[in-house]
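**Student:** UniProt numbering applies: residue 1 is where the sequence shown begins, and numbers increase by one. Ideal Cβ placement from N, Cα and C applies to all residues, glycine included. These numbers come from a predicted model, not from an experiment. The structure's right below; bear with me while I get my questions together.
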Amino acid sequence: MESIFESKERCCGCRACEAKCPRRAITMASDEEGFLYPRADDKLCVGCGLCVRVCPLRIDGNRKRAISRPSCAECRFTDTSRASDMTIADCFGIEKQAPELYDSRGVSLVIVNTPKGAAMLEAISKDMNISERPEAEITAEQQRLSAPGNFPPERAAFWETLRREGLKAAL
């Protein structure tokens, strides 16, 4: 079995390559931290390259993050321009920007990215309280919409403790 990605930082674990492979030559395998990465069976792979072309990280456009995937530190999706129809997240900081919208049970942020996303939101909007907010406002509190996260210095120690002593000790 061969790795089909350049480095862990270049794999988000989405399984698109596995789903796209017409020969079912790709399986996902856990690494030492439990994250899934694709592996290609060289006996089944015909080298068509569909797995590489479908990879979203080729498209240019928790506990202190210690358990984040290695690819999170170099995420290319940390902006408001997304390939998906909609982006849904927790709306952090709404109590600062629009206190009248704050709800202790949580407020969702929905970013419409395509006409299909707009139609989807329209179809469910009658059951929601919707308030359009300026992009500068939402990106001020939603750091992952403007830059990748940095790993905490203790990330390596967390994983080492997890491997040696188990989850209770690591937490």
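By the three-class DSSP mapping on this structure, what secondary structure does P70 have?
**Tutor:** In this structure, P70 counts as helix in the three-state DSSP scheme.
**Student:** So A25 and A40 are in contact, right, with Cβ under 8 Å, and what is the actual spacing, rounded?
**Tutor:** Confirmed, about 5 Å.
**Student:** On the DSSP letters alone, give me the boundaries of the beta strand (DSSP E) that residue 190 sits inside.
**Tutor:** There is simply no residue 190 to check, as the chain begins at 1 and stops at 171 in what is shown.
**Student:** Using the beta-carbon count (16 or more within 10 Å), is S7 buried or exposed?
**Tutor:** Exposed, by the Cβ-count rule.
**Student:** Measuring straight from C-alpha to C-alpha, what distance separates E132 and A83?
**Tutor:** Cα-Cα distance, rounded: 21 Å.
**Student:** Tell me the rounded alpha-carbon separation between M128 and L109.
**Tutor:** Distance between the alpha carbons of M128 and L109: 12 Å.
**Student:** Between which two residues does the alpha helix (DSSP H) carrying L162 extend?
**Tutor:** Taken as a continuous stretch (DSSP letters only), the alpha helix (DSSP H) holding L162 covers R155 to E165.
**Student:** So does the segment 148-165 actually touch the segment 93-108, counting three or more Cβ pairs closer than 8 Å?
**Tutor:** With a cut-off of 8 Å, the segment 93-108 and the segment 148-165 do not count as touching, because too few Cβ pairs lie within range.
**Student:** Tell me whether L44 sits in a helix, a strand or coil according to DSSP, three-state version.
**Tutor:** L44 falls in the coil class under three-state DSSP.
**Student:** Which residue marks the beginning of the alpha helix (DSSP H) containing L50, and which one marks its end?
**Tutor:** Segment L50 to V54, the alpha helix (DSSP H) holding L50.
**Student:** Quick check on A118: does DSSP put it in helix, strand or coil?
**Tutor:** Looking at A118 - three-state DSSP - the assignment turns out to be helix.
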